[in-house]
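Let me begin by presenting the structure, written as structure tokens, before commenting on it.
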Amino acid sequence: MQRIGVIGYPLGHTLSPAFQQAAFDALGIEARYEAWETAPDRLAEVVASFRDAGCLGANVTVPHKQAVIPLIDSLEPLAQRTGAVNTIVNREGLLQGHNTDVVGFQRALASTGFDPRDRRALVLGAGGAARAIVVALQDAGAGWIGVHNRTPERAERLVADLSVADDAALVTLPPDGLAEAARDSELLVNCSSVGMQGSGSEGSSPLPPELLPRQALVVDIVYRPAETRLLKDARSRGLQTLGGLPMLVYQGAAAFELWSGRPAPIEVMVSAAERALKGSRS
Ligand code: ATR
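Residue numbers are given in the numbering used here: position 131 of the sequence shown equals residue 304, and the series is strictly consecutive.
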């Protein structure tokens, strides 16, 4: 029996064990996927244990996505670019770092039929998730990407780190530029934790409803609750919406494929994630 799991702190009601285990079981792979809550002072020791022959690797979540980088052996290009690792693969004792949040977002977006090529996108938030989503949008050919964050310096750092040479299409928004950029955006993505259950801001939206775009796809990467205040506001204005569950499952599916070398059973993973989300609602 191979070992595999997710590390984070705190882990709360993580959905990954439910939908990853369902995928391993569906393909008859003898592996056990667990939640390994890991306090920062134990991170090095826990990551070192992934080198064991019986371990396939791990998913990495908040707050360890950057902290694991010096503890592993190599970084795949997207992990290097985003500066964050959400998946570790154990290749015969050597630990590879990947970022499957990028492809997870791209696949979730593709499932709606929205093509970001040459479109105007507004990203709210500047943490690890925002970095992966900006990279995903750059690679999908977005025409303009504005980043707005509560702490403006963090948005500026994101833009400085992720801008490619001569690219004026990735910018930070000054507070007084938000209203116009929001109304004109064709894709709006909330990458902040505003609205998330347990964050202290559940029921709030990262954007006042009067600033919602006129015509856009509105995406919230928050998946608990399934419909956040932002998505409710957007839906009531007739805008198309997408919640965070598809991105969660697609990033997990890409990780599953790296560990197992087999195509991920997506439908199995989606239904297991939906069941786990319903079952864990408090
Ligand atoms: P992740 O890796 O999941 O993106 P993170 O790095 O903790 O997590 O980032 C959380 C994001 O949510 C940040 O952009 C944060 O803004 P700050 O950089 O100003 O901290 C944003 N965020 C969290 N709570 C917020 C709130 N109450 N209002 C506005 N933004 C908030």
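Quick reminder that beta carbons are idealized off the backbone N, C-alpha and C, glycines included. For clarity, every value in this text was computed on a predicted model and none was experimentally measured.
Please work out which residues of its chain come closer than 8 Å, Cβ to Cβ, to residue i, disregarding the five sequence neighbours upstream and downstream, and give them in chain order.
{"i": "residue 436", "result": "430"}
{"i": "residue 191", "result": "445, 446, 448 and 449"}
{"i": "residue 315", "result": "289, 290, 291, 292, 293, 294, 342 and 360"}
Looking only at its chain, what residues have a beta carbon closer than 7 Å to the beta carbon of residue i, apart from the 5 residues adjacent to it on each side?
{"i": "residue 188", "result": "421, 446, 449 and 450"}
{"i": "residue 306", "result": "278, 296, 362 and 364"}
{"i": "residue 443", "result": "422"}
{"i": "residue 380", "result": "297, 355 and 403"}
{"i": "residue 273", "result": "259, 260, 424, 427 and 428"}
{"i": "residue 332", "result": "320, 343, 344 and 345"}
Please work out which residues of its chain come closer than 6 Å, Cβ to Cβ, to residue i, disregarding the five sequence neighbours upstream and downstream, and give them in chain order.
{"i": "residue 319", "result": "295, 344, 346 and 354"}
{"i": "residue 391", "result": "361, 407, 412 and 414"}
{"i": "residue 335", "result": "307"}
Determine the DSSP secondary structure at residue i, reduced to helix, strand or coil.
{"i": "residue 280", "result": "helix"}
{"i": "residue 401", "result": "coil"}
{"i": "residue 273", "result": "coil"}
{"i": "residue 138", "result": "Only positions 174 to 455 of the chain appear in this structure, which leaves residue 138 out of reach."}
{"i": "residue 247", "result": "strand"}
{"i": "residue 415", "result": "strand"}
{"i": "residue 175", "result": "strand"}
{"i": "residue 356", "result": "helix"}
{"i": "residue 181", "result": "strand"}
{"i": "residue 448", "result": "helix"}
{"i": "residue 422", "result": "helix"}
{"i": "residue 346", "result": "coil"}
{"i": "residue 410", "result": "coil"}
{"i": "residue 268", "result": "strand"}
{"i": "residue 241", "result": "coil"}
{"i": "residue 262", "result": "strand"}
Any idea which residues DSSP pairs residue i with across the strands?
{"i": "residue 361", "result": "295 and 391"}
{"i": "residue 435", "result": "Paired residue(s): none; residue 435 is not in a bridge."}
Taking 8 Å as the CB-CB cut-off, is residue i touching chain D?
{"i": "residue 386", "result": "The structure shown has no chain D; it contains just one protein chain."}
Counting only runs that start and end within the region 187-235, where is the alpha helix (DSSP H) found for 4 or more residues in a row? 189-199 and 216-221
Along the chain, which unbroken stretches of the beta strand (DSSP E) at least 3 residues long are found entirely within the region 297-341? 317-321
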